[in-house]
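Accompanying notes for the structure given below.
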Amino acid sequence: MASEEFDISHIHLGERPLIVCDVDDVVLQFIGPFQLFLQSRGHTFLPRSFRLHGNIVSQADGVEIEDHEVSRLIEEFFEAQELWQTPLDRVVETLDRLSEEADILFLTAMQPRFQDQRRRLLDRMGLLFPLLATEQPKGPIVHALHASRSLPVVFIDDMARNLHSVREHVADCLLIHLMPNSPVHRFAPAAADDITRATDWTHAAELIEAHFVSGTFTRAVPAA
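In this note's numbering, the protein residues as written are 2 to 225.
Now the structure itself:
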């Protein structure tokens, strides 16, 4: 199967700093609502690792759900996300304030066919910033967006692999690891030492604003 292409032609940036932000468990609650969704379908999520596959069991007999069925449940959840997902604390007002001095883009790791549902949900919350839904690695996408701009750029995600991808492709990007304090996130892979961990959106905003004031952010070069 041919790899999915990403289209950024609808993204128009101004001469301002850029904030690229993941959505699930960064802007919108995911793990909590997904657990409730599973319960409504007669299943339970067991936080035994940082994975969905292999950790969902039947409430009736405790039997592990097969991978193809887990994939189907994830798709059903994204199809119905507007009924389940809610914003993280202080994200709406924080992004609204940051948008006064920066362009903001949501880069969500999901199949593009669910983008319309996510767009409606974000709009309903007043989060009107551009949205790009793709399952492609995020580093090349942020690089394509930022290109040769000399303005500050920030990337926020709860997944270490996405932060590392951007780290490899975009120089002087402020990388912020922001994730909820959930049982499953305790199993999350650690991000590199030069990636900043934010405790919440208030902390993330402080880091971003300091980055904008400094105008640059220099990371240590990893050892070969």
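Note that beta-carbon positions come from the ideal geometry of N, C-alpha and C, so glycine has one too.
Model, not experiment: these values are computed from the prediction.
- When secondary structure is reduced to three states using DSSP, F107 falls in the strand class.
- Residue state for F46 is assigned as strand, using DSSP reduced to three classes.
- Contact between the segment 28-38 and the segment 84-98 is present: 3 or more CB-CB pairs across the two stretches fall below 8 Å.
- Judged by DSSP in its simplified three-state form, A161 adopts helix.
- When C-beta atoms of the segment 106-117 are compared with those of the segment 18-32, three or more pairs fall below 8 Å, so the two segments count as touching.
- For G43, the closest alpha carbon among the candidates H54, I9 and S59 is that of S59.
- Here DSSP, grouped into helix, strand and coil, assigns V154 to strand.
- Note on the segment 35-93: whole beta strand (DSSP E) runs with a minimum of 3 residues are 44-46 and 57-59, in chain order.
- Taking the C-beta atoms as reference points, L208 is found no nearer than 8 Å to T200.
- Under the Cβ criterion (8 Å, minimum of three pairs), the segment 151-160 does not count as touching the segment 122-131.
- DSSP, read as helix, strand or coil, puts D23 in coil.
- Taking the CA atoms as reference points, F46 sits about 21 Å from V28.
- Scanning its chain for C-beta atoms nearer than 7 Å, with the 5 sequence neighbours on each side dropped, one finds around H212 the residues P153, V155, L175 and F218, in chain order.
- In this structure, I12 lies away from L122, with their beta-carbon atoms at least 8 Å apart.
- The segment 160-179 and the segment 133-142 touch, with three or more beta-carbon pairs separated by less than 8 Å.
- Burial is judged here by how many other beta carbons sit within 10 angstroms of a residue's own beta carbon; N182 has fewer than 16 and is exposed.
- Note that the C-beta distance between I75 and I66 is not below 8 Å.
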